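Working notes, beginning with the structure itself.
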Amino acid sequence: MQDLILETRNLTKTFGGIVAVNNVDLKVNRGLCHAIIGPNGAGKSTLFNLISGILKPTSGKIFFCGMEITGLPPYKISKIGIGRSFQIYNLFPNLTVLENVRLAVQAHDRKASRSLFKPLRSFRNVTMEAMRIIASVGLWGKASIPVRNLTPSDKRKLEIAMAMAGDPKLLLLDEPTSGVSVEEIQSIIGVIEKIKKTREKTILLIEHKIDVVMKIADLISVMDRGKVIAEGKPREIVENRRVQEIYMGGAV
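Under our numbering, residues 80 to 331 are what the sequence shown spells out, in order.
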């Protein structure tokens, strides 16, 4: 029996006469790494924006842990257990790694205290939580370094750390290896695999690099022109002729 953590039903988003997401039915099972691939303009980022509350759907529904979350604003989506990193760096370059993550932890604390009448944690406890998260992505030795001095791969790790600040059940990772050199990609893969295994997180990611997807994804959904046109395990997707023709130019 499937243990769904996220589900979309007939999810659609139009911009004027353009259909960016077209009746997408997506099911994400708890504890897996589920990848979404497809050519530019396929609707992947729009789908992420709908799930994370940045955009409201034209029609259709979104469910998280069995609860409908369609149209909720981003701060509520974050509060209920969905964290997100972005394709474009969303960091404070003049602050240190620790300061960035600490701000993210404090922001989540404020949301929780308003909604659940919880007292805010002490600065010391917030710092300890931030350091724990930093260590989990392999940046323990770089906590005091300003973000502007980090390598592209370390910036990606920091973005993942900040997405984990609220201890989310589901992580949305938007091209986590974008801008990262070939030599450093394996370190990002290692962080994602570690999070899935040791932190018991479900991961939904957008990724253009097929070799990365093949290494870390348990299941892959392929989008084209706003629709999911194929879904399966990595090997099934690689051998899918329609995927080869539409997404990969006829060969993998």
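Ideal Cβ placement from N, Cα and C applies to all residues, glycine included.
Quantities reported herein were computed from a predicted structural model and do not represent experimental measurements.
In this structure, N108 sits away from L126, with a CB-CB distance that is not shorter than 8 Å. Inclusion of T87 and I156 in the CB contact set at 8 Å is not warranted, their separation being larger than that value. Between the C-alpha atoms of I274 and R304 there is a straight-line separation of about 31 Å. V292: member of the alpha helix (DSSP H) spanning I289 to I295, first to last residue. Shown here, D233 sits in a helix according to DSSP, grouped into three states. Between the C-alpha atoms of I285 and S201 there is a straight-line separation of about 36 Å.
Cβ neighbours of K306 within its own chain (closer than 8 Å, five residues either side excluded): N101, N102, V103 and G122. Judged by DSSP secondary structure, V100 falls within the beta strand (DSSP E) whose first and last residues are I97 to N108. Assigned with DSSP and collapsed to three states, E178 falls in helix. The region 243-255 makes contact with the region 160-179, as at least three CB pairs between them are under 8 Å. Segment contact: the region 229-247 against the region 213-220, three or more CB-CB distances shorter than 8 Å; contact assigned. For T149, there is no enclosing alpha helix (DSSP H), as DSSP marks it with neither H nor E. The beta-bridge partner set that DSSP reports for G162 consists of L250.
Rounded to the nearest whole angstrom, the CA to CA distance from L298 to P313 is 6 Å. In this chain, the beta strand (DSSP E) harbouring R88 covers L83 to F94. Note: E310 is bridge-paired with S300 in the DSSP secondary-structure output.
Nearest C-alpha to I239 among T149, I282 and K135: I282. One alpha carbon belongs to G269, the other to H287, and they sit about 17 Å apart.
L237 places its beta carbon 8 Å or farther from that of L177. In summary, A242 is buried, with 16 or more beta-carbon neighbours lying within 10 Å of its beta-carbon over all protein chains present.
For G95 and T137, the gap between their C-alpha atoms comes out near 11 Å.
In the DSSP secondary-structure assignment, F142 is bridged to E86 and E147.
Burial state of D290 is exposed, judged by a 10 Å Cβ sphere holding fewer than 16 other Cβ atoms. E272 has its alpha-carbon roughly 10 Å from the corresponding atom of L111.
L85 and A244 have their C-alpha atoms spaced approximately 20 Å apart. According to the DSSP secondary-structure assignment, A114 is paired through a beta bridge with L284 and I299. Going by beta carbons, L174 and P225 fall inside the 8 Å limit.
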